[in-house]
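Peer 1: Before anything else, here's the structure in question.
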Amino acid sequence: MSSAARAAVAAGATVPGDGSPAPSGPARRATPQRVRSVSGFVSVIAAAVIWIALLGPVIALVTHLSWAAIRSSLTAPGALDPLVVSVESGAVTLAVLLLLGTPLAWLMARGRLPFPRVWEAGVLCSLLLPPLVIGLLLIFMVGPYTPIGELLGHLNLSATNTFLALCIAEVYESAPYYVLSAQAAFGGVDPRLEQQAQLLGDRPLRAFRRVTLPLATPGLAMGLSVAWARAMGAFGAVIIIAYHPFGIPLQIYTTLQETGLASALPFALVLLVVALPLPLAAYVWSARAERRRRG
Amino acid sequence: MLNADVEVDRRDFTVRAAVQVAPGERLALFGPSGAGKTTVLEAIAGLVTPRLGRITLGGRVLTSTELRQAVPPWERRVGLLRQDPGLFPHLSVRANLAYGRPVPEPELAELAGLLGVGDLLPVMPARLSGGQAHRVALGRLLLAHCDALLLDEPYTGLDAGLRRALTDLVVSLVVARDMPAVLVTHELADAQAFAGQLAILDRGQLLQLGAPDEVVLRPASRRVAELVGYLGFVPVTPVTVAGIHPERTLAGAHPGRGVVLTGAITGCRPAGAGWEADVRVADTVIICRLPDKPPAGGQFVVTVLDPPYFGPDGAAVPAARPEQVCG
């Protein structure tokens, strides 16, 4: 091999007529780089495909709606009553989750409960059961001929086909999303920070309010907004136990049954418009809180 | 005065410690990892409950198992600084410093200036370096008006210069504020730089308590000697061994200053600004720190300066040293 060829080999080139592949560093490094760039390209394509696929129904909804259909569907007498029902029941559901789900999530995150796996499994059960099945089981649990149903009857309440029933169904459908998110949010707060706050003079509740809660709030907000979206869209359990009063999902279903797809679509848009802003706001707020924390 | 005499049950052993620290004094708890040092601090801070014992601070009884009394952590006025400074990440440096109580701006600015974080008051903790975060955490404890300062390996992970600077800062503040302070560390140099008293803890037992130089030069037992850096034990009589600390060796024979050992060099490497040599003496390899590189091969004579002696039970015994030991 000539000295020029040796220099070329040293520089990483293949020597013409040499026969053997150049054993140089740069040539070996080029392959992983190319692989990385190819894998990166494939990843971006895959991400774009799944993103568009997930967004597909929303795109279909927007492209198949006309202003005339929206106007005629939403201006009919009582057309927006289901929206009011859904918003009211969703608000009650969130209040119940905040009051009861937050302490449960905190206790689970801090390992303060005996047999912690059993508690987690209990929360997961309502996540794993199909909503329709939850509805059926709720009939056996709070229906009019059950002890709980009879107790409610004494109070002039009923847990079937009432606003209460709608709230119960929505709580069951949305609770695991909030509790598990809140558990993760509390779990992300270092218990030593709470300890430090106590050593600086805070009683446990005050330390929770000044340290744990602010640090967990972005996660709690995300969990709550996902629970809100689930509550607004609750259908499976609702159709079994709370056919009346109509919320938006049932309005969509009955409109679809009675007058067809075109009339149901405007209500789907309403559901989207009502359910989506809270999760989006929570996301934007969480991102801003994180940026502020990073200074 | 901080007075703690406690027994705390752990899963593997019981930690027993009795320490007294006067206002303005500093005590270092030194020992290997898992010896129970942090447990003692946590008992003082009220984070763990002793099975038996009594802790008082400035005349206040913080814990007394006899009286069934335990003041909760938030009423103890005891500051604890850990390796992780534990700054609240959602609060600025200013809010962190003033967390314990509302602090007038001049007081806050003065202490921040003293700690060298005066320009960082609006900054969030995520933007601070390790040293800055420790200074802020220290300032937070001081502004909260703690009556005692507990430091749990606070300098781990910081470079040597910063450790020394922070140690000097803490010592000056503790003395100026006349508060007792306890440092937990497994670095002897940190303990010596900080403390007026050194306590050696091993597997929950307080092995020795005394002035740092006294503990290091006159360890009470062979175990204490091992913990403070004695790396070789050479038999000098049938029942007595001399403890050899690498940094207390001199090349050559100086009979008036200690025990003269003769052995063969089996290894040699640079160490800091000098050299570290392995010398085989009477079936034992000792390590010597020397300013100059020792000659290769042949017999090497080294003087061990005034070594401690230990009997067969490991306890220190009075010096009955021979003049020379040959390998």
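Residue numbers (the numbering used here), protein chains in the order written: chain S, 1 to 295; chain H, 296 to 622.
C-beta atoms are modelled at their ideal positions from N, C-alpha and C, and glycine is treated no differently.
Just reading off the alpha helix (DSSP H) that D485/H is part of, what are its end residues?
Peer 2: L483 to F489
Peer 1: Taking the straight line between their C-alpha atoms, what separation do you get for I139/S and S328/H?
Peer 2: I139/S and S328/H have their C-alpha atoms spaced approximately 59 Å apart.
Peer 1: Rounded C-beta distance between H429/H and P449/H? I'm assuming under 8 Å.
Peer 2: 6 Å
Peer 1: Express the C-alpha separation of E320/H and D508/H in angstroms, rounding to a whole number.
Peer 2: 16 Å
Peer 1: Could you tell me which of D414/H, G553/H, T334/H and A317/H sits nearest to V301/H, measuring between CA atoms?
Peer 2: T334/H
Peer 1: Can you pull the chain S residues whose beta carbon is under 7 Å from the beta carbon of V398/H, in chain order?
Peer 2: Taking the beta carbon of V398/H as reference, no residue of chain S falls within 7 Å; the closest one sits roughly 12 Å away.
Peer 1: Using a Cβ-Cβ cutoff of 7 Å, what residues of the segment 186-199 of chain S are near chain H? List them in chain order.
Peer 2: Taking 7 Å as the Cβ-Cβ cut-off, the segment 186-199 of chain S approaches chain H at R192, L193, Q195, Q196, Q198 and L199, given in chain order.
Peer 1: Is the Cβ of L478/H closer than 8 Å to any Cβ of chain S?
Peer 2: no
Peer 1: Just the chain S side, please: which residues come within less than 9 Å of G374/H by C-beta, in chain order?
Peer 2: L199 and L200
Peer 1: Kindly list, in the order they appear in chain H, the residues whose Cβ is closer than 7 Å to that of V211/S.
Peer 2: F383
Peer 1: Which chain S residues are close to Y394/H, counting only those with a beta carbon under 7 Å from its beta carbon?
Peer 2: L200
Peer 1: Give the residues from the segment 330-346 of chain H that approach chain S closer than 9 Å (Cβ to any Cβ), ordered along the chain.
Peer 2: Correct list: A340, G341 and L342.
Peer 1: Counting Cβ pairs, one atom from each stretch, are 3 or more of them under 8 Å apart for the segment 605-613 of chain H and the segment 549-563 of chain H?
Peer 2: At 8 Å Cβ cutoff, the stretches do not touch.
Peer 1: Just the chain H side, please: which residues come within less than 9 Å of P214/S by C-beta, in chain order?
Peer 2: F383, H385 and L386
Peer 1: For a test of the three-state rule: what should DSSP assign to L205/S, helix, strand or coil?
Peer 2: helix
Peer 1: Using a Cβ cut-off of 8 Å, pull out every chain H residue sitting near R293/S, in sequence order please.
Peer 2: P384, H385, M419 and A421
Peer 1: Can you check which of these residues, G562/H, A572/H and D447/H, is closest to H540/H by C-alpha distance?
Peer 2: A572/H
Peer 1: Roughly how many whole angstroms lie between the Cα atoms of G188/S and A105/S?
Peer 2: The alpha-carbon atoms of G188/S and A105/S are separated by roughly 12 Å.
Peer 1: Would you kindly report the start and end of the unbroken beta strand (DSSP E) that includes T333/H?
Peer 2: Taken as a continuous stretch (DSSP letters only), T333/H belongs to no beta strand (DSSP E), being part of the alpha helix (DSSP H) at K332 to A340.
Peer 1: Please check if any C-beta of chain S sits within less than 8 Å of the C-beta of R355/H.
Peer 2: no
Peer 1: According to DSSP, which residues form a beta bridge with C441/H?
Peer 2: BP columns for C441/H are empty, so no partner.
Peer 1: Taking all protein chains shown into account, decide if P277/S is buried (16 or more other Cβ within 10 angstroms of its Cβ) or exposed.
Peer 2: exposed
Peer 1: Where A76/S and Q257/S are concerned, what is the direct C-alpha to C-alpha distance, given to the nearest angstrom?
Peer 2: 17 Å
Peer 1: I want to see whether chain S comes within less than 8 Å of D379/H, judged by CB atoms only; does it?
Peer 2: yes
Peer 1: Mind checking G354/H: buried by the 16 CB within 10 Å criterion, or exposed?
Peer 2: exposed
Peer 1: Quick check on R117/S - is its C-beta less than 8 Å from some C-beta in chain H?
Peer 2: no
Peer 1: Please confirm whether Y177/S has its beta-carbon closer than 8 Å to some beta-carbon of chain H.
Peer 2: no
Peer 1: Here's the rule: buried if 16 or more other CB atoms are within 10 angstroms of the residue's CB, otherwise exposed. What is K588/H?
Peer 2: exposed
Peer 1: Taking Cβ positions only, does L369/H come closer than 8 Å to chain S?
Peer 2: A small fix is needed here, since residue 369/H is Trp in this sequence, not Leu. Yes, its Cβ sits closer than 8 Å to a Cβ of chain S.
Peer 1: What first and last residue would you give for the beta strand (DSSP E) that runs through E302/H?
Peer 2: L297 to D304
Peer 1: Three-state secondary structure (DSSP) at L138/S?
Peer 2: helix
Peer 1: Once the 5 residues before and after L220/S are set aside, which same chain residues still bring their CB inside 6 Å of it?
Peer 2: A182 and A185
Peer 1: Output the distance between the C-alpha atoms of W285/S and P218/S, rounded to the nearest integer angstrom.
Peer 2: Computed Cα separation, rounded: 7 Å.
Peer 1: What beta strand (DSSP E) runs, 3 residues minimum, are completely inside the segment 379-445 of chain H?
Peer 2: none
Peer 1: From L522/H to L457/H, what does the alpha carbon distance come to, in whole angstroms?
Peer 2: 25 Å
Peer 1: Within 8 Å (strictly less), CB to CB, does R110/S reach chain H?
Peer 2: no
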